[in-house]
Amino acid sequence: MTPPRRPTSADVAARAGVSRATVSMVLNGRVAGTVSTATQEKVLAAADELGYTRSALAISLRERRTRTIGLITDEIATSPFAGRMARAASLEAARADYLVITVDLSLREQSVSEAARLLAERQVDGLIYATMGHVRVPRPSIPPGIPLVLLNCALENPEDPGPPLPSFIPDDYGAARRAVSRLLEAGHRRIAMISGEDDSVAVRDREQGFRDELAAHGLDGRVLSAGWQMDDGYRAASHLLDGEDVPTGVFCIRDRVAGGALHAAAARGVSVPEGLSVVGFDDEEFFAAYLTPALTTMALPHTEMGERAMAAVLAQLESDDSATATGQPTAVACSLVERSSVAGPSGS
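So in our numbering, spot 343 of the sequence shown is number 498, and the numbers just go up one at a time.
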């Protein structure tokens, strides 16, 4: 059976009783006062009745762009946590009538540069490279003429001589200072940090923020290098609670670590927040709000970073040059999410 023929603009013109030029102007939004409202309505009604859709290929040939953006990720497309960046970027693209093509590197053995070449072969207009964790990356090799924006990462070499690459990262340092500030506001003066055990950007920035906020108030704080999981938080918090000069407030590198600290406190009969206040980091979806007590934490700005990264790509495309690009990473503020794990120290 022969499939039905796809309606054309000539069919729409015949149904509406107008010229093809009029149909083109109406459907492409270029009437500019030259076509009456009644005629516009007739054309739109005819197109709807016939089920006419504009050819994306014809539009791309005319505009010399495909209105697609390539999103290269490591794991965020399959992570409900950091996946908020991808969702936000896709929504921002949709508002501008762009589509997003995602290449998840965790699903294939490819480098960023190979994925960029693959997407360039499919004529994407721009590229975003997004990482699950805040890291520093080498400059990817990108085909010329395609703007690239980094999301949740920045170039590892701040003196990189290449063209500037806009990048959007979380303000880990400022967020750590705000977390400690919250504990100070509650009256705590013996404050410890349970940190990661690696030399990642997040660990360095959050530890520095922790120390600087305490130093600004004439205080010192203890940092325990533990790890990123609940069992790491449990062991580190157990060590703190079983030792001398027990802290009344703890700032944790990650919500999972904070969850372990809560379990360690419960195992020792230490009430949270009355006997120990705990602040986490990430506002992990389906986790932080469901701990007992619900966790006060710093929320990573994944949604805002995704929106701003896509907006930066589109701005370069609309300006048709790289004048809007800057090589200085943009640190996006994290927000404090108040729940139930912080209170004034007992006896205060």
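C-beta atoms are modelled at their ideal positions from N, C-alpha and C, and glycine is treated no differently. All of these numbers come straight from a predicted model, not from anything done at the bench.
- Relative to Leu374, the option among Arg390, Leu450, Ala347 whose CA is nearest is Ala347.
- Between the C-alpha atoms of Gln278 and Ile301 there is a straight-line separation of about 9 Å.
- If you draw a straight line from the Cα of Thr403 to the Cα of Arg344, it is about 8 Å long.
- Comparing C-alpha distances from Ser393 to each of Ala416, Trp383, Ala464 shows the shortest one belongs to Ala416.
- Proximity to Asp360 across Asp280, Glu473, Phe436 peaks at Phe436, based on C-alpha coordinates.
- The segment 239-255 makes contact with the segment 452-472: 3 or more CB pairs, one atom from each, lie closer than 8 Å.
- Restricting attention to Leu472, Arg161, Glu473, Met453, the CA atom closest to the CA of Val497 is found in Met453.
- Selection Arg494, Glu439, Val468, Gly430 evaluated against Ser501 yields Gly430 as nearest (Cα-Cα).
- Taking 8 Å as the cut-off, the beta carbon of Ala201 is found closer than this to the beta carbon of Arg170.
- In the assembly as shown, Gly206 is an exposed residue. Its beta-carbon has fewer than 16 other beta-carbons within 10 Å.
- Put simply, the backbone Cα of Ile349 is about 33 Å away from that of Val304.
- When the alpha-carbon of Arg390 is set against those of Val401, His418, Phe406, the nearest one is in His418.
- Counting every other CB atom within 10 Å of its CB across the protein chains shown gives Arg161 a total below 16, marking it as exposed.
- Rounded to the nearest whole angstrom, the CA to CA distance from Ala357 to Leu226 is 23 Å.
- Between the beta-carbon of Ile324 and that of Ala334 there is about 17 Å, and that puts the pair past the 8 Å contact cut.
- Closest by C-alpha distance to Ala449, out of Glu352, Ala193, Asp410, Leu396, is Asp410.
- Counted as a single uninterrupted DSSP element, the beta strand (DSSP E) harbouring Tyr284 occupies residues 281-292.
- Measuring C-alpha to C-alpha distances from Glu204 to each of Arg239, Val401, Ala168 identifies Ala168 as the nearest.
- Arg423 counts as exposed, since fewer than 16 other beta carbons sit within 10 angstroms of its beta carbon.
- Listed in chain order, the beta strand (DSSP E) elements of length 3 or more contained wholly in the segment 443-468 are 451-454.
- If you draw a straight line from the Cα of Ala488 to the Cα of Pro456, it comes to about 7 Å.
- The beta carbon of Gly414 sits closer than 6 Å to those of Met385, Leu446, all from its chain and outside the five residues before and after it, given in chain order.
- A Cβ-Cβ distance of about 19 Å is found for the pair Thr458 and Arg494, leaving them out of contact under the 8 Å criterion.
- In the DSSP assignment, Ala271 falls within the unbroken alpha helix (DSSP H) covering 267-276.
- With fewer than 16 other Cβ atoms inside 10 Å of its own Cβ, His372 counts as exposed.
- One Cα belongs to Ser490, the other to Ala330, and the distance between them is close to 7 Å.
- Annotation for Arg239: His457, Thr458 place their beta carbon closer than 6 Å to its own, counting only its chain and skipping 5 residues before and after.
- Thr223 is positioned such that its CB atom lies closer than 8 Å to that of Asp280.
- Taken through DSSP and simplified to helix, strand or coil, Thr189 comes out as coil.
- For Arg377, the enclosing beta strand (DSSP E) stretches over residues 377-380.
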